[in-house]
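When we follow my numbering, the leftmost residue of the sequence shown carries the number 23, and every step to the right adds one.
First the structure, in the form of C-alpha cells, and then the observations on it.
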Amino acid sequence: MIAELGHYLLVLALAMAIVQAVVPLIGAARGDAALMAAGRGAAMAQMLSILGAFAALTVAFVQSDFSVLLVAANSHTAKPLLYKITGVWGNHEGSLLLWATILALYGGAVALFGRNLPPSLRARVLAVQGMIAIGFLLFMLLTSNPFDRLMPPPAEGRDLNPLLQDPGLAFHPPFLYLGYVGFSIAFAFAIAALIEGKVDAAWARWVRPWTLAAWVFLTIGIALGSWWAYYELGWGGWWFWDPVENASLMPWLAGTALLHSAIVVEKRDTLKSWTILLAILTFSLSLLGTFLVRSGVITSVHAFASDPTRGVFVLGFMCVVVGGGLTLYAWRAPTLKPGGLFAPVSRESGLVVNNLLLSALAATVLIGTLYPLFLDAFAGAKVTVGPPFFDATVVPLAVPLLIVAGMGPSLAWKRGDLGAVLQRLRFAMVAALLAAAAGFFVGGISVDGALGALGLMLGVWLVAASLADVAERIQIAKGAGTAWRRARNLPRAAWGTAVAHLGVGILVLGITGASIWQAEKTVTLAPGERAEIGGRVVEFRGVTQQPGPNYRSTMGDLRLMSGDGPGARAVAKLSPEIRFYPAQGTTTTEAAIRTNGIADVYVALAGAEPVDGRWSFRLYHNPLTPWIWGGALVMALGGMISLSDRRLRVGAPRRARTPQTTGSLPPAPAE
Numbered sequence: 023m024i025a026e027l028g029h030y031l032l033v034l035a036l037a038m039a040i041v042q043a044v045v046p047l048i049g050a051a052r053g054d055a056a057l058m059a060a061g062r063g064a065a066m067a068q069m070l071s072i073l074g075a076f077a078a079l080t081v082a083f084v085q086s087d088f089s090v091l092l093v094a095a096n097s098h099t100a101k102p103l104l105y106k107i108t109g110v111w112g113n114h115e116g117s118l119l120l121w122a123t124i125l126a127l128y129g130g131a132v133a134l135f136g137r138n139l140p141p142s143l144r145a146r147v148l149a150v151q152g153m154i155a156i157g158f159l160l161f162m163l164l165t166s167n168p169f170d171r172l173m174p175p176p177a178e179g180r181d182l183n184p185l186l187q188d189p190g191l192a193f194h195p196p197f198l199y200l201g202y203v204g205f206s207i208a209f210a211f212a213i214a215a216l217i218e219g220k221v222d223a224a225w226a227r228w229v230r231p232w233t234l235a236a237w238v239f240l241t242i243g244i245a246l247g248s249w250w251a252y253y254e255l256g257w258g259g260w261w262f263w264d265p266v267e268n269a270s271l272m273p274w275l276a277g278t279a280l281l282h283s284a285i286v287v288e289k290r291d292t293l294k295s296w297t298i299l300l301a302i303l304t305f306s307l308s309l310l311g312t313f314l315v316r317s318g319v320i321t322s323v324h325a326f327a328s329d330p331t332r333g334v335f336v337l338g339f340m341c342v343v344v345g346g347g348l349t350l351y352a353w354r355a356p357t358l359k360p361g362g363l364f365a366p367v368s369r370e371s372g373l374v375v376n377n378l379l380l381s382a383l384a385a386t387v388l389i390g391t392l393y394p395l396f397l398d399a400f401a402g403a404k405v406t407v408g409p410p411f412f413d414a415t416v417v418p419l420a421v422p423l424l425i426v427a428g429m430g431p432s433l434a435w436k437r438g439d440l441g442a443v444l445q446r447l448r449f450a451m452v453a454a455l456l457a458a459a460a461g462f463f464v465g466g467i468s469v470d471g472a473l474g475a476l477g478l479m480l481g482v483w484l485v486a487a488s489l490a491d492v493a494e495r496i497q498i499a500k501g502a503g504t505a506w507r508r509a510r511n512l513p514r515a516a517w518g519t520a521v522a523h524l525g526v527g528i529l530v531l532g533i534t535g536a537s538i539w540q541a542e543k544t545v546t547l548a549p550g551e552r553a554e555i556g557g558r559v560v561e562f563r564g565v566t567q568q569p570g571p572n573y574r575s576t577m578g579d580l581r582l583m584s585g586d587g588p589g590a591r592a593v594a595k596l597s598p599e600i601r602f603y604p605a606q607g608t609t610t611t612e613a614a615i616r617t618n619g620i621a622d623v624y625v626a627l628a629g630a631e632p633v634d635g636r637w638s639f640r641l642y643h644n645p646l647t648p649w650i651w652g653g654a655l656v657m658a659l660g661g662m663i664s665l666s667d668r669r670l671r672v673g674a675p676r677r678a679r680t681p682q683t684t685g686s687l688p689p690a691p692a693e
C-alpha cells in the first residue's frame, strides 16, 4: 500500500498546487484578503503532501520493495543503507520528486516566513510557485510516475548506478536542487512585481535572501560534484566543461549577477528592469539544465533519461515558463520607473560592469553548450565543443571581472574616487605584482609561465583586496581597540561580501595551479619498484582482492616515500581501487589521494589485471588543487554570513540599538 499512498499524495499535491496557483491570484486582483490568505494554506498542504510522497518512496527503497518498478531498477538488498536512501533521487523519477519536494519546501517557507510581505505580493509569489509546481507534478504523474508497480516483483533489484554509490554523489543532487529550485523564488518575485508594476528597495530586500540562499546551495552543490569527478573518475581533473556541468554553471553565473544587481536596486533604486530580467533568466537557465539532463539530447555520466516523450514535455513546459515570463516582462517592464543617476566611477558602475561580464560569461557557456546540439539537429554534423573553446573565451572575460571584483567594495556609492581607491588598495596591488613575478619564476618565460603569472596575480589581488577592504572599514591603523569595536559593528553583510570575494581569490589560485602546473604520467610497476611524479616518489608493494558490501575490489598497495634513496621511509599509504559491481557488471575507479593542503599526490589504477606481473597506474601531482574546493567552501561561508544579517532575512528591519552617550563611534559603512 505504500506505493498507492505515495501516488495518492502526489495527486493531492497537484490539487493543492492548482488551488495555490488560482485562488490567491484572484484574491490579489480583487483585493480579497480571505482569498489571498488561502494561498498560504494551499502551499502548506502541498508541501505536506509532497513530503509524504517522498517519505513513502524512501520507505520503499529502504525496505527493498521490488514490487515498485523504480526500486527494482535502482536498488539491491546488499546495497548499504546510505545508498538505499540516496537511491531515491539517483534516477530520473526520484530526482523529479526531489525537485518537486524542494519546490514545495520553498513555497512553504514563503508562506511561513513571508508574513512581513505585502499580502498581495505574497499571494502572487505563492501563485507563481503553484504554477511551477503544477508543471512538475503533471510531468511526474503523466510521464515519470515514481510509484509504478512491477508485477510479479523480482527476487533481487538491478542495483543503483555504481558511479552514484559515493558520499559525494549522495549529497550533490540535494544541494544542487536546493540551488536550482531556490531561484524559482526570485522568478516568482519578479513575475509578481511585473504584475503589480512595482519594484523598489523593499522588493530588493525581500528577494535578496532567497536568491542568496539558492546561490549558497548551488555553490556547495557544484563543488561537491566537482570533487566527486576528481576522485571518482580517476582522470586527475576537476572540470571538463561537460554539458551537464555547464548546465549548473550557467544559473550560478546568472544568479551571481542577480545578487549584485539586487544590491543596486536596494541601495540606489536603479537597475530595476535589468534585475527583473536577470531573475527570469536565472530560473530559465535552471529549467534548461533540467531539459538537458532529461531530454536525451546529450550523453553524459550525469544524464538521467533518454525518453523523447519526457524531453518534449520538459521543452514545452520550459517554453511556457520562459516564454510567459519574457512576454510579461516585455509588456510591463517599460512601466517601471528608472532610478537615480550615478557617476561612471562609483559602486553602481562597478556592479554594472560586474553584471555585464557575468552575463557575457553565462552567454558564452550557453553558446558553447547548445551549439553542437543545434548543429546536429539542423545540419546533421557532429562537433564537440570542449576545453579549448571555453578556455579561449572564458578567460578574457574572467580577467576584468576579477579585477573589478577586487575594486568594487572599496568604491563609494553614486560618485567614487578612483585615485583614493587605488591608494587604499596599494598593498594589494604590490602583492599581486609579486605573485605575478613568482608565476614567471616557476613557469619561466613561456605561455604557461604567463598564464600562471596571470592566475596567481588575479587570485592574490582578490584575496589581498578583500583583506584591505575589511582593514579599511574597521580602521585597523587606529589600533586594536578601535578595530575591534568597529569590527563588532560592521554589518554581517559586509563581512560576508569580503569572505565570499576572498573565497573567489582562493578558488582562482587553485584553478591556476591545477590547470598550469599539473604533472601526470602513466607507469607500469612490479612489486618493489618506484616511480617519481612532481618531485614525489611512490613505491608499489602489491595488489590485494577485497570484498565489499555489493562489489569486489582490486586494491593497490603503494607508499608515498620521503625520498628515492635507500634510506627513504614511507610517509603515507595509498590504496587506489577498481571496484566491480556484479549486479550491473560494471566497474568504477577509486583514486588514492594524499594531500598536504598545498598539493595532491594522486594515484589511480589503470587496469584491473596485471600484464606480465606488472600493474599500470596513472600518477598525478596537482599543485594548489585542494584550494579549488577550499575556495568554494569559503565562498559559500561568505554567503551564509551575509544571510545571517537580520536585514537580509526576508527584508526584516534591523533592531535599533540604544544610543551611547559617550565614547560612541560612527557606524561602519554597510555593504
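Glycine included, C-beta positions come from ideal geometry on N, C-alpha and C.
Keep in mind the model is a prediction, meaning the values are calculated, not measured.
Local Cβ density within 10 Å of residue i, reported as buried at 16 or more and exposed below that
i: F449; result: exposed
i: V41; result: buried
i: N113; result: buried
i: P576; result: As written in the sequence, residue 576 is Thr, which differs from the Pro given in the question. That one is buried.
i: K359; result: exposed
i: P265; result: buried
i: V221; result: buried
i: K101; result: buried
i: N376; result: buried
i: F396; result: exposed
i: T228; result: Strictly speaking, residue 228 in this sequence is Trp, with Thr absent from that position. Buried, because 16 or more other Cβ atoms sit within 10 Å of the Cβ of W228.
i: F76; result: buried
i: L47; result: buried
i: D242; result: Here the sequence assigns Ile to residue 242, which means Asp is not the residue at that position. The residue in question, I242, is buried, as its Cβ has 16 or more Cβ neighbours within 10 Å.
Endpoints, beta strand (DSSP E) assigned at residue i
i: T391; result: Run containing T391: none in the beta strand (DSSP E); it sits in the alpha helix (DSSP H), 369 to 401.
i: T694; result: Since the first residue of the chain shown is 23 and the last is 693, residue 694 is not available in this structure.
i: T576; result: 574 to 583
i: E494; result: Where E494 is concerned, there is no enclosing beta strand (DSSP E), although the alpha helix (DSSP H) it sits in stretches over 469 to 495.
i: P569; result: 558 to 569
i: V593; result: 592 to 596
i: F602; result: 599 to 603
i: A541; result: 541 to 547
Distance CB(residue i)-CB(residue j) smaller than 7 angstroms
i: A487; j: L447; result: yes
i: D586; j: V560; result: no
i: A284; j: A355; result: no
i: V44; j: L57; result: no
i: H194; j: G109; result: no
i: V90; j: A25; result: yes
Among the options, nearest to residue i - alpha-carbon criterion
i: A212; options: F193, G201, W232, L200; result: W232
i: G556; options: V593, H643, L293, A630; result: H643
i: E554; options: E542, G564, R563, R591; result: E542
i: A67; options: A131, V90, V84; result: A131
i: A51; options: Q187, E218, A65; result: E218
i: G550; options: W250, L582, D188; result: L582
i: P598; options: G532, L433, G258; result: G258
i: P174; options: F88, L531, W651; result: F88
i: S368; options: A442, G346, F639; result: A442
i: G157; options: V426, A365, S166, F339; result: F339
N-terminal and C-terminal residue of the alpha helix (DSSP H) that residue i is part of
i: P231; result: 223 to 254
i: D413; result: 409 to 429
i: N644; result: Note, N644: premise wrong, no alpha helix (DSSP H); beta strand (DSSP E) at 637 to 645.
i: G144; result: This sequence places Arg at residue 144; Gly is not what is there. Unbroken alpha helix (DSSP H) run through R144: 141 to 165.
i: V41; result: 24 to 52
i: V286; result: 265 to 290
i: V623; result: Here V623 belongs to no alpha helix (DSSP H); instead the beta strand (DSSP E) covers 621 to 627.
i: A505; result: 502 to 511
i: I107; result: 103 to 108
i: A55; result: 55 to 84
i: V315; result: 294 to 316
i: T534; result: 514 to 538
Residue i beta carbon near the ligand ATP (any heavy atom closer than 6 angstroms)
i: P645; result: No copy of the ligand ATP appears in this structure; indeed no ligand is present at all.
Counting Cβ pairs closer than 8 angstroms, one from the segment 210 to 230 and one from the segment 145 to 158, do we hit at least three? yes
Say whether the segment 373 to 382 touches the segment 409 to 429, bearing in mind that this needs 3 or more beta-carbon pairs closer than 8 angstroms, one atom from each stretch. yes
Stretch-stretch touch, CB-based, cutoff 8 angstroms, three pairs: the segment 619 to 631 with the segment 485 to 499: no
Any contact between the segment 644 to 663 and the segment 510 to 525? By contact I mean 3 or more CB pairs, one from each, below 8 angstroms. yes
Pair every Cβ in the segment 25 to 42 with every Cβ in the segment 135 to 143, then say whether three or more of these pairs are closer than 8 angstroms. no
Does the count of Cβ pairs from the segment 180 to 189 and the segment 603 to 616 closer than 8 angstroms reach three? yes
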